[in-house]
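Following: one structure in structure tokens, then a few remarks.
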Amino acid sequence: LAKTTQPISMDSYEGQEVNITCSHNNIATNDYITWYQQFPSQGPRFIIQGYKTKVTNEVASLFIPADRKSSTLSLPRVSLSDTAVYYCLGDNAGNMLTFGGGTRLMVKP
Amino acid sequence: NAGVTQTPKFQVLKTGQSMTLQCAQDMNHNSMYWYRQDPGMGLRLIYYSASEGTTDKGEVPNGYNVSRLNKREFSLRLESAAPSQTSVYFCASRNPATNEKLFFGSGTQLSVL
Numbered sequence: 001l002a003k004t005t006q007p008i009s010m011d012s013y014e015g016q017e018v019n020i021t022c023s024h025n026n027i028a029t030n031d032y033i034t035w036y037q038q039f040p041s042q043g044p045r046f047i048i049q050g051y052k053t054k055v056t057n058e059v060a061s062l063f064i065p066a067d068r069k070s071s072t073l074s075l076p077r078v079s080l081s082d083t084a085v086y087y088c089l090g091d092n093a094g095n096m097l098t099f100g101g102g103t104r105l106m107v108k109p
Numbered sequence: 110n111a112g113v114t115q116t117p118k119f120q121v122l123k124t125g126q127s128m129t130l131q132c133a134q135d136m137n138h139n140s141m142y143w144y145r146q147d148p149g150m151g152l153r154l155i156y157y158s159a160s161e162g163t164t165d166k167g168e169v170p171n172g173y174n175v176s177r178l179n180k181r182e183f184s185l186r187l188e189s190a191a192p193s194q195t196s197v198y199f200c201a202s203r204n205p206a207t208n209e210k211l212f213f214g215s216g217t218q219l220s221v222l
């Protein structure tokens, strides 16, 4: 079980790049790192997943250093609609998927 | 495809009453999960079912029971509701063999008076 630690909250302004770092010191060899986004009154939804180095999709980039003890979610040019809670998970095929407290991102105009 | 469907969406109970929250998925996923989320907090895992026929305790199982009825359905039962169980409950599913992402339902808002 990979416990994760994230900042409780972050503030940003529209158009800025936001980087949210997650620590997962006990990540297992076969764990993937997965990030989810949650809006109020909704269930979380998948953003991005990676195992090592860098992954990029249409929404975000995920940077994972060689030791895999942390990961950084990068949101380019955020907008007001990116205001949400972001969670990182150490994702293993063992199935006990636990969320930490997440990072509350507030994007201001 | 409907994805993950939860019923009911809202429920008010009195202390001591029982109820079952229903969850069904149509994506042929092996694993299913129940989470609770208290206001302003993160999600906490109650129970999960890695595959049909198996269930395991999560972080906060006390006061709950689950049934994996078949591959599609995973229900959560509160035998004797308490005010501390007032929360939003989310069901999720995924196929773990491919490290696939979790798909969540829209949640059940439960109030216990």
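Protein sequences appear in the order of chains A and B. Under the numbering used here, think of the first position of the first sequence as 1, with each following residue one higher. Under the numbering used here, think of the first position of the second sequence as 110, with each following residue one higher. For every residue, glycine included, the Cβ atom is placed at its ideal position computed from N, Cα and C.
So, does the CB of LEU1/A fall closer than 7 Å to a CB anywhere in chain B? Here the model assigns LEU1/A a pLDDT of 47, short of 50, so the residue's position is not dependable, and the following value carries that caveat. Interface residue (Cβ-Cβ distance to chain B less than 7 Å): LEU1/A is not classified as such.
Return the residue from the list SER176/B, ALA201/B, GLY151/B, GLU209/B that minimises the CA-CA distance to SER9/A. Comparing Cα-Cα distances from SER9/A to each of SER176/B, ALA201/B, GLY151/B, GLU209/B, the minimum goes to GLY151/B.
Using CA atoms only, rank isn't needed, just tell me which of SER41/A, ASN25/A, LEU62/A is closest to LYS54/A. Per the Cα distances, LEU62/A.
Going by C-alpha distance, which of LEU73/A, ASP82/A, PRO7/A, MET96/A is nearest GLN49/A? Restricting attention to LEU73/A, ASP82/A, PRO7/A, MET96/A, the CA atom closest to the CA of GLN49/A is found in LEU73/A.
Between GLN115/B, TYR144/B, THR124/B, which has its C-alpha nearest GLN134/B's C-alpha? In terms of Cα proximity to GLN134/B, the closest of GLN115/B, TYR144/B, THR124/B is GLN115/B.
If we ignore side chains and look at the alpha-carbon of each, how far apart do GLY102/A and GLY149/B end up? Going from the Cα of GLY102/A to the Cα of GLY149/B covers about 10 Å.
Element boundaries [beta strand (DSSP E), containing ARG145/B]: That run of the beta strand (DSSP E) goes 140-146.
Those residues which DSSP pairs with ILE20/A across a bridge: According to DSSP, residue pairing for ILE20/A in a beta bridge involves LEU73/A.
I need the straight-line Cα distance from ALA159/B to ASN95/A, nearest angstrom please. Roughly 6 Å between the two C-alpha positions.
Does the Cβ of PHE119/B have 16 or more other Cβ atoms within 10 Å, making it buried, or fewer, making it exposed? Counting Cβ neighbours within 10 Å, PHE119/B comes out exposed, since fewer than 16 surround it.
Do we get a CB-CB distance below 7 Å when we pair PRO7/A with the residues of chain B? No - not a single Cβ of chain B is within 7 Å of the one on PRO7/A.
Nearest CA to the CA of THR207/B: which residue from TYR86/A, TYR32/A, ALA60/A, ASP82/A? It is TYR32/A whose Cα lies nearest to the Cα of THR207/B.
Pick out whichever of ASN179/B, GLN194/B, VAL175/B has its Cα sitting closest to the Cα of LEU185/B. Residue VAL175/B is the option with its Cα nearest to LEU185/B.
State the Cα-Cα distance for the pair ALA66/A and MET136/B, rounded to the nearest angstrom. Cα to Cα, ALA66/A sits roughly 34 Å from MET136/B.
Runs of beta strand (DSSP E) lying entirely within the region 41-108 of chain A, each at least 3 residues, in chain order: Fully contained in the region 41-108 of chain A are the following beta strand (DSSP E) runs of length 3 or more, in chain order: 45-50, 53-56, 61-64, 70-75, 84-91, 103-108.
Contact set for GLN126/B: own chain, Cβ-Cβ below 6 Å, skip 5 residues either direction: Taking GLN126/B as the centre and dropping the five residues before and after it, the same chain places the C-beta of ALA190 closer than 6 Å to its C-beta, in chain order.
Rounded distance between the beta-carbons of VAL113/B and SER202/B, thought under 8 Å: In this structure SER202/B is in contact with VAL113/B, their Cβ atoms being roughly 6 Å apart against a cut-off of 8 Å.
So which residues on chain A does ALA133/B lean against when the C-beta distance must stay under 8 Å? Residues of chain A passing the Cβ test: none, with the nearest at roughly 15 Å.
Which residue comes first and which comes last in the beta strand (DSSP E) that contains SER189/B? Element bounds for SER189/B: n/a, residue is neither H nor E.
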